[in-house]
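Visitor: To convert, take the position in the sequence shown, counting from 1, and add 2; that gives the numbering used here. A single structure is presented below for examination.
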Amino acid sequence: MGINKDWGRISVTQAVAPAVHTATATQAAGIDTALYRKLVVVLDYGVVTDGTWTTTITTSATVGGSYVADDGLVTGEAFTVVTSTEDAQVYEVAIDLDALDNRWLKVVQTETVASASSLFGITLVGELKEA
3 MGINKDWGRI
13 SVTQAVAPAV
23 HTATATQAAG
33 IDTALYRKLV
43 VVLDYGVVTD
53 GTWTTTITTS
63 ATVGGSYVAD
73 DGLVTGEAFT
83 VVTSTEDAQV
93 YEVAIDLDAL
103 DNRWLKVVQT
113 ETVASASSLF
123 GITLVGELKE
133 A
């Protein structure tokens, strides 16, 4: 999984800025998956003080539409549920673009404890389709 020498033109998009997050974090703008051949979500975790952080891929038919969880998009190894035991690591997960029901995609990071805080950022790395 991940990026290798077989990838063509690469696009790197910051989905959620690196910061201390104390609540659910959702990327601001949807990603137009029609532009990509391959897409990898990179979760970069610093310190997790408490709580459990879960990653969900959501999709929508339109960029401004309602985004809902879209199961079955992760290829290979699934997202790791992150607690203070799994912090200070980088996780990457490939997205199966052929399995998408909708064109637009967002990544959502959800925490389970109201007082939880975590330092993390989410980046999307994709191979662009030929123009």
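For every residue, glycine included, the Cβ atom is placed at its ideal position computed from N, Cα and C.
For a quick check, are the C-beta atoms of T58 and V109 less than 9 Å apart?
Guide: yes
Visitor: For the beta strand (DSSP E) that L45 lies in, which residues bound it at each end?
Guide: 38 to 50
Visitor: Taking the Cβ atom as the reference point for each residue, do F122 and Y69 lie within a distance shorter than 9 Å?
Guide: no
Visitor: Out of R39, V44, T28, state which residue places its alpha-carbon closest to the alpha-carbon of G10.
Guide: R39
Visitor: For L99, does the three-state DSSP call read helix, strand or coil?
Guide: helix
Visitor: Once you ignore the five residues that flank D34 on each side, which residues in its own chain have a CB closer than 8 Å to its CB?
Guide: V65, R105, W106
Visitor: Spatial neighbours of T51 within its chain, please: C-beta separation below 6 Å, excluding the five flanking residues on both sides.
Guide: So the qualifying residues of the chain are S119.
Visitor: Can you determine whether any heavy atom of the ligand MN sits closer than 8 Å to the C-beta of Q29, and answer yes or no?
Guide: As far as ligands go, the structure on display features none, and thus does not contain the ligand MN.
Visitor: So what's T60 in DSSP terms, helix, strand or just coil?
Guide: strand
Visitor: May I have the straight-line CA-CA distance separating G128 from V18, to the nearest angstrom?
Guide: Taking the straight line joining both Cα atoms gives about 16 Å.
Visitor: Return the chain-ordered list of same chain residues with a C-beta closer than 6 Å to the C-beta of A71, the five sequence neighbours on each side being excluded.
Guide: T58, T60
Visitor: Using the Cα positions of V14 and T125, report the straight-line distance between them to the nearest angstrom.
Guide: 7 Å
Visitor: Under the three-state reduction of DSSP, which class applies to T15: helix, strand or coil?
Guide: strand
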